[in-house]
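These notes concern the structure reproduced below.
2 protein chains.
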Amino acid sequence: MKVPRIVLDAMGGDNAPGEPVAGALMAAGVLGVELILVGRQDAIESELRGTATIRDVRIVDTPDVIGMDEHATDAVRAKRKSSIVVGLEMLKRGEADAFVTAGNTGATMAAALLTLGRVKGIGRPALATIFPAAEGRLTMLLDVGANADCRPIHLYQFAHMGAAYMERMFGVNRPRVALLSIGEEETKGNQLTLEVHQMLRGSRLNFVGNVEGKDLPRGLADVVVMDGFTGNVVLKTAEGIAELLFGELRKAVELTPWNKAAGLILMSELRKVKRQLDYAEYGGAQLVGVDGIVVIGHGRSNARAIFNALKAARDAVQNGVLEKVRAVGKEVPAREKGAGEGAAGDIGEE
Amino acid sequence: MKVPRIVLDAMGGDNAPGEPVAGALMAAGVLGVELILVGRQDAIESELRGTATIRDVRIVDTPDVIGMDEHATDAVRAKRKSSIVVGLEMLKRGEADAFVTAGNTGATMAAALLTLGRVKGIGRPALATIFPAAEGRLTMLLDVGANADCRPIHLYQFAHMGAAYMERMFGVNRPRVALLSIGEEETKGNQLTLEVHQMLRGSRLNFVGNVEGKDLPRGLADVVVMDGFTGNVVLKTAEGIAELLFGELRKAVELTPWNKAAGLILMSELRKVKRQLDYAEYGGAQLVGVDGIVVIGHGRSNARAIFNALKAARDAVQNGVLEKVRAVGKEVPAREKGAGEGAAGDIGEE
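These protein sequences, in sequence, are chains A and B.
Per the numbering used here, residue 1 is the first one in the first sequence, and the count goes up by one each step.
Per the numbering used here, residue 351 is the first one in the second sequence, and the count goes up by one each step.
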């Protein structure tokens, strides 16, 4: 098998270039990939100084950096020599197989659409992430933030793409696909989910119906689809609740010497629980539906998170996920049944 | 001050009539209210048997019971002699000041609209609940499930009603009002929130801007508005994550005798944390914008949850919350600026 070539944005994220470079060093020689770091050569080399293993790691010097808070499309237009744009262009030219960044999510999505374009037949790319569930089960959620407003056909396509990912990446046979709504009954939901429910029922997918927010950590489905606004709210709420709980636990452990001792005993177990909920374990989000493998890590990514994102990118390449998504693009309709030309017109919009 | 008269649905919830009746007994003589239990007299009396204190508690016999899973409007139409319909009719006739149930939420909302109607000027009533935040702070979230699809004017009205509640119920001066979205910047959001953001900026409220899901447990605002689909997803996701975490902790504590001992030491602190997140502590959800005080508890309500719901109802009555919401109805516009007749037409829908 060909060695996957992965471009890593060394300038992406709150802790760049330190953590991305450290993550690359963790990965070099372990993941069996060829790594290309894009970013400011001097900054990268200063991070690499003193480290022995830079075999397998190539550097492409890019002068521009897109900041975490910059306006996505403006930044992409203005900074053609940024690590994000240059890295994605390498993918487009076939000089690499995947792009990984912990940088500006909006800018990465905009640049990916501009350079790679969408998979033929797919109306809207989606951000897909793995959500931790009880007993080590994994559920893919999409869209978690690429499209704040969605039409039914978009969620219908997300469902097919998500199933393709779970099949190829994790070898799940006939992935159980669910729709996030506000009740299990098909009559519960908003206009969007009511319509999507009917479409998914008529599809070839293994559609298991609606799930509610409380079901997400229960692993009742392998893929759960939702609009990007709702998906973002779900992820951030989960993050907030976990932070609140661990914060309160930390305070409780500090209260008395007895508590402190008890906390020490339970510490390793607590860490496991925390880790189970930790974004860093799951290799970030994949931008599904653009014509290339693009992995976007959390802005706060540390070296381990970068390592896992690189691993996820490698797995996506090696398992032929993109080819499968291209097959989905050929198979699924591009618009709702009975939708007029007006409705069809906005397929093709960003 | 007049003693508040509260109607409690003895047949409402998964644990009825046992827990509602137990909650009523907890409240009798303590809350300083007059309690009226509606439900099947024989079932209620069999629960009351053997208890001494039934002073202050009156029973109104209603033969029909609306089940937790019945279709809301169908059930309300068919069961005119149900505890929910009869209880709300007592409110309408001025025979009571508040109605409390842990029963079918949809049926309660439908019956409340039918019997009490909306506060004049309010397009859509909303379900409002108190969300626990760090350091004992409280945030009111609305809508958490009454309206799956909302227009901007609805969220604008929710914001004003929520502020009125926090002012009157908790004495919060100039409550900080926020909008749930997917980024702090005013340019982040879906079509709905983008529009609502501009409307709230132009309002007389103390609008502090957008908050994200992760901010909800941080107590950054006193009131956070959202559409009812999103609100339901937020609450249920929070519930699911808390269950996952406590489930994993429980498993960790069972692993070894050392862990068990450590768990015992930390137990009381863990309980406090759990309680902080427990729906039962916060008196359920209030149906804001109908012309009466209606409190809807979680279907799983135990006696303590019922007690707290009765307390919340009493506080709402004593603090004149309904009068304040009526004043809001007179003050806020009923439609978006520049909305044509077509858009205005659906104010008045359920």
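Ideal placement from N, C-alpha and C gives every residue a C-beta, glycine not left out.
- prompt: What does Pro567 of chain B reach in chain A if we use C-beta pairs closer than 8 Å?
  reply: Within 8 Å Cβ-Cβ: Gly240, Ile241, Glu243, Leu244.
query: Since Met576 of chain B contacts Asp493 of chain B with CB under 8 Å, what's their CB separation in whole angstroms?
result: 7 Å
field: Residues near Ala693 of chain B by beta carbon distance below 6 Å, same chain, minus five either side
entry: With a pLDDT of 40 at Ala693 of chain B, under the threshold of 50, the modelled position of this residue cannot be trusted, and the question is left open.
message: For a test of the three-state rule: what should DSSP assign to Glu45 of chain A, helix, strand or coil?
response: helix
task: Check whether the Cβ atoms of Val234 of chain A and Thr587 of chain B sit closer than 9 Å, and answer yes or no.
output: yes
message: Within a Cβ cutoff of 6 Å, which residues of the same chain sit near Lys442 of chain B, ignoring the five residues on either side of it in sequence?
response: Thr465, Leu466
query: Would DSSP call Glu350 of chain A helix, strand or coil?
result: Bear in mind that a pLDDT of 36 at Glu350 of chain A, under 50, signals an unreliable position, so the number given afterwards is only what the model happens to contain. Three-state result, Glu350 of chain A: coil.
field: Straight-line Cα distance separating Ala496 of chain B from Ile356 of chain B
entry: Distance between the alpha carbons of Ile356 of chain B and Ala496 of chain B: 23 Å.
- prompt: Is it buried or exposed for Tyr255 of chain A, if we count other Cβ within 10 angstroms and need 16 for buried?
  reply: The question names Tyr, yet the displayed sequence has Leu at residue 255 of chain A. Exposed: under 16 other Cβ atoms inside 10 Å.
query: Between Phe579 of chain B and chain A, is there a C-beta pair that is closer than 9 Å?
result: yes
task: Name the residue from A:Arg58, A:Gln157, A:Arg300 whose alpha carbon lies nearest to the alpha carbon of Ala178 of chain A.
output: A:Gln157
task: With 9 Å as the C-beta to C-beta threshold (strictly closer), list the residues of the region 164–196 of chain A near chain B in chain order.
output: Leu180, Ser181, Ile182, Gly183, Glu185, Thr187, Lys188, Gly189, Asn190, Gln191, Leu192, Thr193, Leu194
- request: Write down the C-beta distance between Ala428 of chain B and Ala457 of chain B rounded to the nearest angstrom, noting that I regard them as a contact closer than 8 Å.
  value: In fact, because the Cβ distance is near 11 Å, the residues do not count as touching under 8 Å.
query: Between B:Ala372, B:Ala377, B:Glu384, which lies nearest to Ile394 of chain B when the distance is taken from Cα to Cα?
result: B:Ala372
Under 9 Å by beta carbon: chain B residues contacting Asp369 of chain A: Coverage of chain A is limited to positions 1 through 350, which leaves residue 369 of chain A absent and any answer about it impossible.
message: Quick check on the DSSP output: the beta strand (DSSP E) that includes Leu559 of chain B runs from which residue to which?
response: Residue identity differs from the one stated: residue 559 of chain B is Gly in this sequence, not Leu. Unbroken beta strand (DSSP E) run through Gly559 of chain B: 556–561.
message: When you compare the region 319–326 of chain A with the region 281–297 of chain A, are there three or more beta-carbon pairs, one atom per stretch, that lie closer than 8 Å?
response: yes
query: Where does Pro20 of chain A land, buried or exposed, given buried means 16+ other C-beta within 10 angstroms?
result: Under this definition Pro20 of chain A is a buried residue.
- request: Just mark Leu264 of chain A as buried or exposed, buried being the case when its beta carbon has 16 or more other beta carbons within 10 Å.
  value: exposed
field: For Leu244 of chain A and Ala592 of chain B, the rounded distance between their alpha carbons
entry: 10 Å
Three CB pairs or more closer than 8 Å across the region 553–564 of chain B and the region 159–179 of chain A: no
- prompt: Since Asp9 of chain A sits in a beta bridge, which residues does DSSP pair it with?
  reply: A:Val38
message: So with CB distances below 9 Å, who are the chain B contacts of Leu255 of chain A?
response: Residues of chain B with a Cβ closer than 9 Å to the Cβ of Leu255 of chain A are, in chain order, Glu619.
- prompt: Mind checking if Thr587 of chain B is an interface residue toward chain A, Cβ cutoff 9 Å exclusive?
  reply: True, the Cβ-Cβ gap to chain A drops below 9 Å.
- request: Name, in chain order, the residues that DSSP records as bridge partners for Pro482 of chain B.
  value: B:Leu488
Amino acids of chain B, ordered along the chain, whose beta-carbon sits closer than 7 Å to that of Glu336 of chain A: Within chain B, no residue comes near Glu336 of chain A; the closest Cβ sits about 18 Å away, beyond 7 Å.
Where Ile394 of chain B meets chain A, residues with beta-carbon distance less than 9 Å: Those within 9 Å of Ile394 of chain B in chain A number zero; the least Cβ separation is about 30 Å.
query: By Cβ distance below 7 Å, which residues in the same chain neighbour Ala10 of chain A in space, the five residues on each side in sequence not counted?
result: Ala16, Pro17, Pro20, Val21, Leu37, Val38, Gly39, Ile44, Ser83
- prompt: When DSSP builds the beta bridges, which residues end up paired with Thr451 of chain B?
  reply: B:Ile646
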